[in-house]
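Protein sequences appear in the order of chains W, P and A. This note's numbering numbers the first residue of the first sequence as 396 and each following residue consecutively. This note's numbering numbers the first residue of the second sequence as 80 and each following residue consecutively. This note's numbering numbers the first residue of the third sequence as 163 and each following residue consecutively. Glycine included, every Cβ here is placed at the ideal spot set by N, Cα and C. Notes to accompany the following structure.
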Amino acid sequence: MIKVKKFFIYAMLIIISIISVFPLYWMMAASTNTSFDVIRGKLIPGTYLMENIKNLLASNNLKGALWNSFRYASIQTIVSLIICSLAGYGFEVYHDKHKDRLMTVLLSAMMVPFVAIMIPLFRMFSSAGLLNTAIGFMLPTLATPLLIMLFRQSARSFPRDIIEAARLEGLSEIQIFFRMFIPSMKSTYAAAMTITFMNAWNNYLWPKVIMTTDDSITMPMLVANLKEGYVTDYGMLMVAVLLCTIPTAIIFFLLQKSFAEGITGAVK
Amino acid sequence: MFKNKIPLSVKQNRAGWMFLLPAVILITVMNFYPMFNALLLSFQSGKGASLEYAGLYNYTRMFSDKVFMQSMFNCFFYLVIQVPIMLVLALILASVLNRKDLRFKGLFRTAIFLPCATSLVSYSTIFRSLFSTDGLINTVLLKTGILQTAYDFLGHPMSARFVIIIALIWRWTGYNMVFYLAALQNIDYSVYEAAKIDGASAWDSFWKITVPLLKPTILLTLIMSTNGTLQLFDESVNLTSGGPGSMSMTMSHYIYDTSFRFVPNFGYSAAMSFVILVLVMVLAIIQMKVGDKRD
Amino acid sequence: MKKNFLVTLLALVLSLSLVACSNGGEKPAEGGDETNGETLTVWCWDPAFNIYSMNEAAKLYQKDHPDFELIVVETPWDDVQTKLSTAGASGDISTLPDIVLMQDNAFQKNVISFPDVFTDVEGSGINFDDFAAGKVAYSVVDGKHYGVPFDNGAVIAAYRSDVLEEAGFTLDDFTDITWDEYLEKGKVVLEKTGHPLLSCISNEVDVVMMMVQSAGGSLFDAEGNPSIADNEIVAKSLETYKALKDSGVLVEVSNWDQYIESFQAGRVAGTVNGCWIIGSITSGDPEQAGHWSITNMPKLVGLDTATNYSNNGGSSWLLTANCKNKDLAYDFMKSTFGSSVEFYETILPSAGALSCYKPAGESSVYGEPQEFFGGDSIYQKVIDFSGKVPSNNTGVYYYEGRSAIADAAAKYIAGADLAEELKAAQEQVLFQMGQ
Numbered sequence: 396m397i398k399v400k401k402f403f404i405y406a407m408l409i410i411i412s413i414i415s416v417f418p419l420y421w422m423m424a425a426s427t428n429t430s431f432d433v434i435r436g437k438l439i440p441g442t443y444l445m446e447n448i449k450n451l452l453a454s455n456n457l458k459g460a461l462w463n464s465f466r467y468a469s470i471q472t473i474v475s476l477i478i479c480s481l482a483g484y485g486f487e488v489y490h491d492k493h494k495d496r497l498m499t500v501l502l503s504a505m506m507v508p509f510v511a512i513m514i515p516l517f518r519m520f521s522s523a524g525l526l527n528t529a530i531g532f533m534l535p536t537l538a539t540p541l542l543i544m545l546f547r548q549s550a551r552s553f554p555r556d557i558i559e560a561a562r563l564e565g566l567s568e569i570q571i572f573f574r575m576f577i578p579s580m581k582s583t584y585a586a587a588m589t590i591t592f593m594n595a596w597n598n599y600l601w602p603k604v605i606m607t608t609d610d611s612i613t614m615p616m617l618v619a620n621l622k623e624g625y626v627t628d629y630g631m632l633m634v635a636v637l638l639c640t641i642p643t644a645i646i647f648f649l650l651q652k653s654f655a656e657g658i659t660g661a662v663k
Numbered sequence: 080m081f082k083n084k085i086p087l088s089v090k091q092n093r094a095g096w097m098f099l100l101p102a103v104i105l106i107t108v109m110n111f112y113p114m115f116n117a118l119l120l121s122f123q124s125g126k127g128a129s130l131e132y133a134g135l136y137n138y139t140r141m142f143s144d145k146v147f148m149q150s151m152f153n154c155f156f157y158l159v160i161q162v163p164i165m166l167v168l169a170l171i172l173a174s175v176l177n178r179k180d181l182r183f184k185g186l187f188r189t190a191i192f193l194p195c196a197t198s199l200v201s202y203s204t205i206f207r208s209l210f211s212t213d214g215l216i217n218t219v220l221l222k223t224g225i226l227q228t229a230y231d232f233l234g235h236p237m238s239a240r241f242v243i244i245i246a247l248i249w250r251w252t253g254y255n256m257v258f259y260l261a262a263l264q265n266i267d268y269s270v271y272e273a274a275k276i277d278g279a280s281a282w283d284s285f286w287k288i289t290v291p292l293l294k295p296t297i298l299l300t301l302i303m304s305t306n307g308t309l310q311l312f313d314e315s316v317n318l319t320s321g322g323p324g325s326m327s328m329t330m331s332h333y334i335y336d337t338s339f340r341f342v343p344n345f346g347y348s349a350a351m352s353f354v355i356l357v358l359v360m361v362l363a364i365i366q367m368k369v370g371d372k373r374d
Numbered sequence: 163m164k165k166n167f168l169v170t171l172l173a174l175v176l177s178l179s180l181v182a183c184s185n186g187g188e189k190p191a192e193g194g195d196e197t198n199g200e201t202l203t204v205w206c207w208d209p210a211f212n213i214y215s216m217n218e219a220a221k222l223y224q225k226d227h228p229d230f231e232l233i234v235v236e237t238p239w240d241d242v243q244t245k246l247s248t249a250g251a252s253g254d255i256s257t258l259p260d261i262v263l264m265q266d267n268a269f270q271k272n273v274i275s276f277p278d279v280f281t282d283v284e285g286s287g288i289n290f291d292d293f294a295a296g297k298v299a300y301s302v303v304d305g306k307h308y309g310v311p312f313d314n315g316a317v318i319a320a321y322r323s324d325v326l327e328e329a330g331f332t333l334d335d336f337t338d339i340t341w342d343e344y345l346e347k348g349k350v351v352l353e354k355t356g357h358p359l360l361s362c363i364s365n366e367v368d369v370v371m372m373m374v375q376s377a378g379g380s381l382f383d384a385e386g387n388p389s390i391a392d393n394e395i396v397a398k399s400l401e402t403y404k405a406l407k408d409s410g411v412l413v414e415v416s417n418w419d420q421y422i423e424s425f426q427a428g429r430v431a432g433t434v435n436g437c438w439i440i441g442s443i444t445s446g447d448p449e450q451a452g453h454w455s456i457t458n459m460p461k462l463v464g465l466d467t468a469t470n471y472s473n474n475g476g477s478s479w480l481l482t483a484n485c486k487n488k489d490l491a492y493d494f495m496k497s498t499f500g501s502s503v504e505f506y507e508t509i510l511p512s513a514g515a516l517s518c519y520k521p522a523g524e525s526s527v528y529g530e531p532q533e534f535f536g537g538d539s540i541y542q543k544v545i546d547f548s549g550k551v552p553s554n555n556t557g558v559y560y561y562e563g564r565s566a567i568a569d570a571a572a573k574y575i576a577g578a579d580l581a582e583e584l585k586a587a588q589e590q591v592l593f594q595m596g597q
């Protein structure tokens, strides 16, 4: 009975995994084929990978785009995590009526389509001289209501006696946050890190408005460039798309280990 | 419940506000200030850069805009059908993948997470070709005799909407699973072991332990998905181009069109954006009233 | 453990913020505002085509003007539009380049919506009579020339000559024909060979729009008001489209990739599109080389104004108001795109960039036989076609009109009444125009 159940669970997971991974496989296979083979729907890996990579390197600022994307996304992730977890912790641990209301108000900031606030933002950034800069890329999405709420919700399961004990030991409020909260919330930070990195890495609408030089382009912009001509080289495009997907996947794979540790560190 | 035991000193209260300060300043400058600008814009009307004050004209106008009304219907259709399926599926997957005795967890988790990291370019290409008249789905249905002639899934309103729903479930289930997985770490595994000894089935402990303890996170994902669906853009643009006609178009897609594809009418776009804000806001407040209780 | 975590975190923050700052030093403004010297900045999007052509133009101009420098920023069309609109709406055009490439269909819309963002080219000294009249019409606003015509969008009908032969036809059987003849012959081809003749993206109405223009029709009247309801040409085009679809001679595909695949892989034995589609035809299955041929498109039946010529796509260069050195831009455009046959002779063979510049059409380069098309001088044909295209009034609300037609087409094909749907489309466009 238990064995049958186990078999059923594994079978389900394997099927779901295959469905999930299929497009990635398709991308990988496509990146090794000629453009015509890709368009014809060939699913078996070919031998054209090096050629596609060579074409991509020759015609585009690939290194620049990768480095820009990596740089923007990493800095954004780290700064964003600190700012938002501070706020989320603050909202929950020191919660009162005012802060709960303020949280609801902040939430509304994510409910307007970005298109609507893009033009005023552009005017602001242009006059501040922040176009074509990393800071310009990051600032609008450094503090997001979603992340704040994520940390607020998970801080709810952070035991208050730890805070009390730490206060008795003479730790300041900020010390408690850095020494007690952060280490015990690894899984939440891991989730937040993955999500933030992915969003920053894939961010497209904003950079396409503020980046106006070839030097400042990001990976999604490079992919968009590749699709634009009258004739698209699909093999080359798929190499770029693959390079655009893999970093987030690797980050998740490395970080998901922290979901396996159960309750961690000093808590309980 | 701890609040009453320890009276918050003024100092602590001040510390509390200091924690919020950086985020609040950033959101005010980067979101609320431009939103205020957009609100002013929503009371103006005109082509491109030449705008005139028009009062509530934009707001009254959109209710006789058939395309906008259609797109609003579509968004709610996606919301009502897709979000519950996706969240329940994500919860089930998260709790299965949290089992101590499961092997290859890391691989399964990464595989299921992958869709949301997969570039839009490749996934939309694949979905469109899967559902095309000579695509895999039609081939299977024809071979098994379920269909007599190929069905144009993207050419009919209802089936086009379901293609979008299937694509959304495929893409975002793993994303939501990540939040649940993270939150599950804060539940002591011994609770499950105790329940097992008491004779509870896996199904019982899922509904009686996992779901209640994950309530704060479920609320988070619910608000997030509601917001995401009402602002849905990518799938409408890339999978169906809103078609056939505008029968599967979303509100954000239409707003984008009125700003950048059509003769730009930024006042009208802004007004429609604020309608989205109000819709999401109302739903979120209801959800918070029901789900955001500290007990 | 805890300490390590904290130390690592801090180290990361520090090192990354250093990286961020180091970026601060390397950001010399590269927008359009450093045009005080001999530099021009251009936004366009296709490295093999318009970017290539621009760079060739720069090389040519540099021969006489050694100090001249041209910066091309690769920017997809969608992004060009988004950036232009954002800059125009925010009133801050300092970020714009000197020259952008503009889709002909969006030309009127942009110049009229953002009058302060663009500059006319009346003072450039370009003789616009040297260009195909239908082409130039796209970029005239209020009687002033704003655009320098670039690529040609003259419609061609391409057929697989081997498939036609198999069905007992030659290219002549498909030249100067009507859509009714096309339909009849197409049915024979379909029956004998199993190949449809035409594929079309279902939610795009390219074929319908090409038909409308081929009969000199438009979705708007001279005053710019929609003329969709009771428009004989539009109705006839949609009827023809539906008949083609119902017969199986035309197959609908769901997106661009599948459209390309349909003829590249040999499933569909022809296509009708702007002549820029030649690039996609020749990059398909190598075994198809020599088996393609090109002629004019079929014409609509029962209309006095019907012709075998139309236009789809194409683009023109447009100067922005941020161009500080207008004289330089004028001179550059005039000496290259505006008057140099030599220039057009360079870009045709290597980029397949077909011009609308009439004197270039007489050049021997255009007459050279193309092996892929069975030794036919296809470029000369295209130039010939482009001179015969009826001009089209895109109107400012072109895209609104197009969307409404797509809506109407979807419902009509699903069985709705055509006149009713055209009326609804008319109302939709009127509504979106704010009337």
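Length of the line joining the Cα atoms of residue i and residue j
i: I358(W); j: P554(W); result: Beyond the ends of chain W as shown, which are 396 and 663, falls residue 358(W); an answer cannot be given.
i: G524(W); j: F285(P); result: 53 Å
i: T197(A); j: W239(A); result: Because the pLDDT at T197(A) is just 42, under 50, the model does not fix this residue reliably, and the value given afterwards should be weighed accordingly. Rounded to whole angstroms, T197(A) to W239(A) spans 23 Å at the Cα level.
i: V303(A); j: L309(P); result: 39 Å
i: L120(P); j: F517(W); result: 15 Å
i: F417(W); j: M423(W); result: 10 Å
i: S247(A); j: I355(P); result: 22 Å
i: S497(A); j: L510(A); result: 17 Å
i: I261(A); j: S215(A); result: 14 Å
i: K648(W); j: G185(P); result: The question names Lys, yet the displayed sequence has Phe at residue 648(W). F648(W) and G185(P): Cα-Cα distance of roughly 7 Å.
i: L209(P); j: N217(P); result: 8 Å
i: H357(A); j: A431(A); result: 6 Å
Helix, strand or coil at residue i according to DSSP, with G and I counted as helix
i: M595(A); result: coil
i: L637(W); result: helix
i: H227(A); result: coil
i: W207(A); result: coil
i: E200(A); result: coil
i: P190(A); result: Note that P190(A) scores a pLDDT of 41, beneath 50, so its modelled location is shaky; the value from the coordinates is reported in the next line. DSSP places P190(A) in coil when its eight states are reduced to three.
i: M639(A); result: Residue 639(A) is absent from the model: chain A starts at 163 and stops at 597.
i: P236(P); result: helix
i: N185(A); result: For N185(A), the pLDDT reaches just 46, beneath the cut-off of 50, and the residue's location in the model is therefore unreliable, leaving the point undetermined.
i: H493(W); result: helix
i: C362(A); result: strand
Below-9 Å beta-carbon distance, residue i vs any chain W residue
i: R188(P); result: yes
i: V544(A); result: no
i: T237(A); result: yes
Neighbour flag for residue i against chain P, beta carbons, 9 Å
i: A522(A); result: no
i: Q588(A); result: no
i: N435(A); result: no
N- and C-terminal bounds of the alpha helix (DSSP H) containing residue i
i: R182(P); result: Element bounds for R182(P): n/a, residue is neither H nor E.
Chain A contact for residue i (CB, 9 Å cutoff)
i: D609(W); result: yes
i: T589(W); result: no
i: N306(P); result: no
Limits of the unbroken beta strand (DSSP E) element including residue i
i: S174(P); result: That residue, S174(P), is in no beta strand (DSSP E); its alpha helix (DSSP H) goes K145 to V175.
Ranges of the alpha helix (DSSP H) found wholly within the stretch 460 to 497 of chain A, counting only runs of at least 4
488 to 497
Entirely enclosed alpha helix (DSSP H) segments - the stretch 528 to 563 of chain W, minimum 4 residues
529 to 533, 540 to 550 and 555 to 563
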